[in-house]
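> Per our numbering, residue 7 is the first one in the sequence shown, and the count goes up by one each step. For glycine and all other residues, C-beta sits at the position ideal for the given N, C-alpha and C. Small disclaimer: the values here were computed from a predicted structure and weren't measured.
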Amino acid sequence: MPNEAITVKTVKINEYLHHIDLMAYGTSRRLSVYLAEFNNATTLFDCGSSLDAKRVIRYCKKNEISLSSFKYLIPSHHHFDHAGGFWKLYNEIKKHNPNVKILTNQQTMALLNNFEDHLARAKRTYGNLIGTMEKIEESAFQIIEPSTQFNATIPPIAEFEVNTSKVQLVIYKTPGHTPDHVCPAFIRDGEIEFIFWGEAAGTIYHASKLITMPTSMPVYYNHYDYMNSLRSLKKLTVQKAGFGHFGVINGYDNVKLILDEHETFLEEFRQKIIDFYAEKPQTKYVFEKILPFLTPRTDLPIDSNPIFKNIALGIVYGMMMDLGYRKD
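(1) On the premise that S72 lies in contact with A47, defined as a C-beta separation below 8 Å, what is that separation, rounded to the nearest angstrom?
(2) E24 by DSSP, collapsed to three states: which one?
(3) With three or more C-beta pairs closer than 8 Å as the rule, is the stretch 168-180 touching the stretch 189-204?
(4) Starting from Q277, trace the alpha helix (DSSP H) in both directions and tell me its first and last residue.
(5) By Cβ distance, which residues of its chain are closer than 8 Å to P162, with the 5 residues on each side in sequence left out?
(6) Going by DSSP in three states, M219 sits in which element: helix, strand or coil?
(7) For N134, tell me which candidate among Y291, F86, W203 has the shortest Cα-Cα distance.
(8) Looking at C-beta atoms only, is the number of pairs between the stretch 276-294 and the stretch 244-259 that lie closer than 8 Å three or more?
(9) Tell me which residue opens and which closes the alpha helix (DSSP H) that P298 is part of.
(10) Does the contact criterion of 3 or more C-beta pairs under 8 Å hold for the stretch 128-147 versus the stretch 7-21?
(11) Could you check where the alpha helix (DSSP H) with I321 kicks off and where it finishes?
(12) Quick check on DSSP: helix, strand or coil for T170?
(13) Tell me, please, whether the stretch 121-133 touches the stretch 82-98 by the rule of three or more beta-carbon pairs shorter than 8 Å.
(14) How would you write the range of the beta strand (DSSP E) that T114 sits in, first residue to last?
(15) Using a Cβ-Cβ cutoff of less than 6 Å, which residues in the same chain neighbour M327 once the five nearest sequence positions on both sides are dropped?
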């Protein structure tokens, strides 16, 4: 099992949980999903786009994980790069287990089935790398209400067995990045062994430093809600935490450290946008001024990642929208 601060490889991170690099956009360290393999069921947190669904299937075959064992497919939120492939994955898995469910809230279900505007906007940033989305039948969903109580004693949504112990599934409500965002977690013996942050605590594109990037993408980003969710997540004591982009933070101290770092950094990022906009109220100017502040926060080669600047522009523009500087 990994003992480094940050896990960036496809590897089993505890006795039941797989961290999978989906090689999104054809390259490594862009998108993480998490597969939990229990005695009596398998669950999946996020699945990537429709272009990534086949990689999930391939991983299961390689690791002898039966598709008939899948019980829940759980999206952190509706964005194409996290849940855009669930229609495809569900259609394949239900051939092997017709009882499999997409476990989510009412908002995510609605947004997954009203995807046209989201995909059109996403194409501006990601081009042809977004895949496709299709409507998902209502019977595919099991609707839950995520918890607004942030502790390890809330009633579980489900319980699984691993060896001779019980692992409970809980889901916390964490709006901000999007209004439907949630963070699922696994609890054993009263301890949160793992929480999937999705994009509720930023992104991390560094393999050795606990430094984050914003997730203030348009059109739904709400800074007030985001910071409230982040502060709620800080109330939890967590052994391991997974990012959607990218990797796993290991150890209580490192989890706490990166949440503190993200809270401080995000307020600094927001203030810089306010200051640069006051100098010149042009999107291009603000973006060019803030880009040197962002690029040192990744160890990925930006020259070989052509969408990095588009993503950076997105997080700047989303924060500008939240500040009221832009409408759309």
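Taking the structure as given:
(1) Contact doesn't hold; Cβ gap of about 11 Å is too wide.
(2) Reading the sequence as shown, one finds His at residue 24 and not Glu. Of the three classes helix, strand and coil, the one that applies to H24 here is strand, per DSSP.
(3) yes
(4) 258-285
(5) Q174, L175, V176, I193
(6) strand
(7) F86
(8) no
(9) 289-300
(10) no
(11) 314-328
(12) coil
(13) yes
(14) Note, T114: premise wrong, no beta strand (DSSP E); alpha helix (DSSP H) at 112-118.
(15) P224
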